[in-house]
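*Asks:* Okay, so the sequence shown: first residue is 1 according to full-length UniProt numbering, each after it adds one. The beta carbon of each residue, even a glycine, is placed where N, CA and C say it ideally should be. Nothing here was measured: the structure is a model prediction, and the numbers come from that model.
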Amino acid sequence: MLALAFQALNDARDVSEAFVMSTPKIQLDDTNSSMASQIEDDVFEKLKNKSNHRKNEDDLNARVSAQHNKAQERLAELVDDNSSLPVTVSSVRILNANRTRRGFLQRVVNPILSAKNAGEYTLQDCLSEVGKATETLNRFGIFKQPIKVFLDRPDPTLATSSPTDVDVYIHATERGTYTIKTGTEAGASEADAYVHAELRNLFGGAETLNAHGSLGTRTRSAYSLAFDTPILSNPDFKFQANGFASSTLKSWASHEETQKGGNSKLLWQAKNGSQHEFGYSGIWRQVTGLAEKASPTVRADAGDSFKSSVTHTWLNDQRDYPLLPNKGYLMKTVSELAGGPLGGDVSFWRSEAESQVALPFGDTGITLTAGLRGGLLYPLAQRGSSTAQHSRINDRFQLGGPTNVRGFRLSGLGPHDGPDAVGGDLYAAGGASLLFPVPKVGKETPLRLQAFINGGRLLSLKNPDKEGKAMDSAAVQKSVKQAVDSLSDGLPSTTAGFGIVYAHPVARFEINFSLPLVLRAREEARKGLSFGVGVEFL
């Protein structure tokens, strides 16, 4: 029976191929094209012939499509009718993967071969395991899509073959070894030019090396070199190492910050779909290039510092389309521990949490999205000391701008010293947006109208006993309590507005008109139009 099933599969494929091969070719009639003195009737005749030929081509394409669909339906019926047939996978062969290590591929296809040892193994089980292996190969990003799969019977004359044997052929063509891109990017108050190079499958195990360099208006220069490799042929378990150097103009705080350092990470995905990232980073930072108008707070933090820290990120993103969600939710936490036994001259615990939910209104294309964010930077005593220093401007939170609290200038919320936004140690922000399809455009397009309201507070920790001095553990706890109480002291800084949203596959673009509703002293709001581009919006 298995032989009949495979014969039927081959027959269905042959029917489709035979139809295409036996279809008569259509040749346009141009015998009169060289005669320059033809009367106008010949011209109309030629136009009529072209119209007929086009109609014939459309009819031919329709027949080919109908025959192909019929063949696919027959294949589906055959697979369904024979899904319970017992099979034995005699071999798995991956074709055209010439640069990929055999041992790397062996781990991917082992479940196909080992599943038969668990008991009765059917054609449906075989197809399921082959599908999983193909999906795994796709996720490495080193093979062209689609990856094709063929099942065939081994030579029946072989002494070792049995009637239930099948051979699995996976046709996986490798992508090129490198990609180089150059271009320009424009965003909220920033534009830059970049070059990006990617080397794939360096050692035959889906390793990737990325080199990136850019020059811009705000990020003056940025260079990075990153290495990425899956562990044990598992795309859900990766190791990354990255070295970088950058120089960024902090226009909202009258200085420039340079960074040089590196980090290493382990990334893995849990069975419930959530993602974890655990890593270590060592970064030398320098606050330099101070403007003449730089405030005393900025000048006090000028110079060098070294941060040595471990971080953990947890992400559970169940939104259907993150850039423009119609339904689902997002939960994310980022935690960082710096200093102490890790060394460096800054010591703190920093934690952030974020959530978002998207609720559709039936099938109208109207969606309500709401989000909350919050963070705390808790100063710790440095090694060999019993007191904790105040946080540096390098490490504090910044709030305000077109991608979080709209209607405020970049880093426009929170503590200011003169003209400078100096950041804070504790913040909370929230927002809600109502998204509508654009009339006469349709809800299927990634274009929406939106009405929104955003708000937030950004506060700094202060020594409750001696302003400007280091704090012991009791003073730190007291300062944090005072700051948390202040979050609910009055209304948050708030804006409302409306605009238009476009979700490009790379980033989300917004043009909004904003109106500040609640504004605190020294905070910088922005009434009117603003433009935002990014991948994460409040």
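1) Any idea what DSSP makes of E257, helix, strand or coil?
2) Can you give the Cα-Cα distance for H312 and S411, rounded to whole angstroms?
3) Compute the distance between the beta-carbons of G414 and L399, then report whether it is under 7 Å.
4) Output needed for L202: all residues of its chain with C-beta closer than 8 Å, excluding positions within five of it in sequence on either side, in chain order.
5) Using the beta-carbon count (16 or more within 10 Å), is E510 buried or exposed?
6) Whose CA, out of V109, V87, S335, D165, lies closest to the CA of T136?
7) Is it the case that the region 390-404 contacts the region 273-280, given that we only count it when at least three CB pairs across the two stretches are under 8 Å?
8) Can you pull the DSSP bridge partners for W268?
9) Between which two residues does the alpha helix (DSSP H) carrying R299 extend?
10) Please classify Q145: is it buried, with 16 or more other beta-carbons within 10 angstroms of its beta-carbon, or exposed?
11) Here's the rule: buried if 16 or more other CB atoms are within 10 angstroms of the residue's CB, otherwise exposed. What is G456?
12) Applying the criterion that 16 or more other CB atoms from any shown protein chain within 10 Å of the CB defines a buried residue, is A483 buried or exposed?
13) Taking Cβ positions, are V287 and A300 nearer each other than 7 Å?
14) Is the separation between the beta-carbon of L215 and that of S224 shorter than 7 Å?
15) Anyone know if the C-beta pair for A358 and F348 falls short of 7 Å?
16) Please report the distance separating the alpha-carbon of N56 from that of Q67.
17) Suppose contacts are defined by Cβ-Cβ distances below 7 Å. Is S486 in contact with L459 by that definition?
18) Starting from P325, trace the alpha helix (DSSP H) in both directions and tell me its first and last residue.
19) Straight-line CA distance for residue 542 to S251?
20) Can you grab the Cα-Cα spacing for the pair P439 / G362, in whole Å?
21) Exposed or buried, which one is Y427 when buried takes at least 16 other CB atoms within 10 Å?
22) How many whole angstroms separate the CB atoms of D420 and S254, which I take to be in contact at a CB cut-off of 8 Å?
23) Quick check on the burial criterion: 16 or more other C-beta atoms within 10 angstroms. Buried or exposed for S530?
24) Can you name, in chain order, every residue of its own chain whose Cβ lies under 7 Å from the Cβ of G497, other than the five neighbours on each side?
25) With respect to the alpha helix (DSSP H) encompassing residue 550, which residues constitute its N-terminal and C-terminal limits?
26) Using 7 Å as the threshold, is the C-beta distance between S264 and A245 below it?
27) Could you have a look at E336 and say whether DSSP puts it in helix, strand or coil?
28) Apart from the five residues on each side of it in sequence, which residues of its chain come closer than 7 Å, Cβ to Cβ, to I231?
29) If you draw a straight line from the alpha carbon of H416 to that of G423, how long is it in whole angstroms?
30) Report the rounded CA-to-CA distance for F227 versus F143, giving the unit in angstroms.
31) What three-state label does DSSP hand residue 540 in the structure shown?
32) Which same chain residues end up closer than 7 Å to T445 when comparing Cβ atoms and leaving out the 5 residues on each side of it in sequence?
33) By the 10 Å Cβ neighbour count, where 16 or more other Cβ atoms means buried, how is V535 classified, buried or exposed?
34) Between which two residues does the alpha helix (DSSP H) holding F104 run?
35) Excluding the five sequence neighbours on either side, which residues of its own chain have a C-beta within less than 6 Å of the C-beta of E354, listed in chain order?
36) For S84, count neighbouring C-beta atoms within 10 Å of its own C-beta (all shown protein chains included) and say buried if the count is 16 or more, exposed if not.
*Replies:* This is what the structure gives:
1) Indexing the sequence shown from 1 puts residue 257 at position 257. Three-state DSSP puts E257 in a strand.
2) Within the sequence shown, numbered from 1, the residue matching residue 312 stands at position 312. Within the sequence shown, numbered from 1, the residue matching residue 411 stands at position 411. Between H312 and S411, the C-alpha separation is close to 25 Å.
3) Translated into the one-based positions of the sequence shown, residue 414 becomes position 414. Translated into the one-based positions of the sequence shown, residue 399 becomes position 399. It is a contact, given that the beta carbons lie within the stated cut-off.
4) Numbered from its first residue, the sequence shown carries residue 202 at position 202. Cβ within range, chain order: T208, L209.
5) Against the sequence shown, residue 510 aligns to sequence position 510. Buried, by the Cβ-count rule.
6) One-based indexing of the sequence shown puts residue 136 at position 136. The alpha carbon of T136 has as its nearest neighbour, out of V109, V87, S335, D165, the alpha carbon of V109.
7) With a cut-off of 8 Å, the region 390-404 and the region 273-280 do not count as touching, because too few Cβ pairs lie within range.
8) Residue mapping note: residue 268 aligns to position 268 of the sequence shown, counting from 1. In DSSP, W268 forms a bridge with F237, H276.
9) Along the sequence shown, read from residue 1 onward, the residue named residue 299 stands at position 299. For R299, the enclosing alpha helix (DSSP H) stretches over residues 296-300.
10) Residue 145 sits at position 145 when you count from the first residue of the sequence shown. Here Q145 is exposed. Its C-beta has fewer than 16 other C-beta atoms within 10 Å.
11) Counted from its first residue, the sequence shown places residue 456 at position 456. Answer is buried; the Cβ neighbour count reaches 16.
12) Residue mapping note: residue 483 aligns to position 483 of the sequence shown, counting from 1. Buried, since its Cβ has 16 or more Cβ neighbours within 10 Å.
13) Numbered from 1 along the sequence shown, position 287 holds the residue referred to as residue 287. Numbered from 1 along the sequence shown, position 300 holds the residue referred to as residue 300. Cβ atoms of V287 and A300: not closer than 7 Å.
14) Within the sequence shown, the letter at position 215 stands for residue 215. Within the sequence shown, the letter at position 224 stands for residue 224. Contact flag unset, no.
15) Working through the sequence shown from its first residue, we reach residue 358 at position 358. Working through the sequence shown from its first residue, we reach residue 348 at position 348. No.
16) Translated into the one-based positions of the sequence shown, residue 56 becomes position 56. Translated into the one-based positions of the sequence shown, residue 67 becomes position 67. N56 and Q67 have their C-alpha atoms some 16 Å from each other.
17) Locating residue 486 in the sequence shown gives position 486, counting from the first residue. Locating residue 459 in the sequence shown gives position 459, counting from the first residue. The beta carbons of S486 and L459 sit closer together than 7 Å.
18) In the sequence shown, the residue the question calls residue 325 occupies position 325. For P325, there is no enclosing alpha helix (DSSP H), as DSSP marks it with neither H nor E.
19) Not covered by the structure: residue 542. The range shown for the chain is 1 to 538.
20) In the sequence shown, the residue the question calls residue 439 occupies position 439. In the sequence shown, the residue the question calls residue 362 occupies position 362. So the alpha carbons of these two residues sit roughly 17 Å apart.
21) Stepping through the sequence shown from its first residue, residue 427 is reached at position 427. So Y427 counts as buried.
22) Indexing the sequence shown from 1 puts residue 420 at position 420. Indexing the sequence shown from 1 puts residue 254 at position 254. Sure, about 5 Å apart at Cβ, within 8 Å.
23) Here the question's residue 530 lines up with position 530 in the sequence shown. With 16 or more Cβ atoms within 10 Å of its Cβ, S530 is classed as buried.
24) Position 497 of the sequence shown holds residue 497. Excluding residues within five positions, the ones whose Cβ falls inside 7 Å are R406, G407, F452, N512, F513, S514, L515.
25) Residue 550 lies beyond the range of the chain shown here (1 to 538); nothing can be said about it.
26) Stepping through the sequence shown from its first residue, residue 264 is reached at position 264. Stepping through the sequence shown from its first residue, residue 245 is reached at position 245. Cβ distance not < 7 Å, so S264 and A245 don't count as in contact.
27) Locating residue 336 in the sequence shown gives position 336, counting from the first residue. Note: E336 maps to strand in three-state DSSP.
28) What you label residue 231 is simply residue 231 of the sequence shown in a count that begins at 1. Once the five neighbours on either side are set aside, the close Cβ partners of I231 are F237, K238, F239.
29) On the sequence shown, position 416 is the one that residue 416 refers to. On the sequence shown, position 423 is the one that residue 423 refers to. Their backbone Cα atoms lie some 8 Å apart in a straight line.
30) Position 227 of the sequence shown, counted from the start, is the residue given in the question as residue 227. Position 143 of the sequence shown, counted from the start, is the residue given in the question as residue 143. F227 and F143: Cα-Cα distance of roughly 19 Å.
31) Since the first residue of the chain shown is 1 and the last is 538, residue 540 is not available in this structure.
32) Reading the sequence shown from its first residue, position 445 is the one you call residue 445. Answer for T445: no residue qualifies.
33) As a working note, residue 535 is residue 535 in the sequence shown. Exposed is the label assigned to V535, since fewer than 16 other Cβ atoms lie within 10 Å of its Cβ.
34) Sequence index remark: in the sequence shown, residue 104 carries index 104 (1-based). Note, F104: alpha helix (DSSP H), 102-114.
35) Counted from its first residue, the sequence shown places residue 354 at position 354. For E354, where only same-chain residues beyond five positions count, the Cβ hits under 6 Å are K332, R373.
36) Position 84 of the sequence shown, counted from the start, is the residue given in the question as residue 84. Result: exposed.
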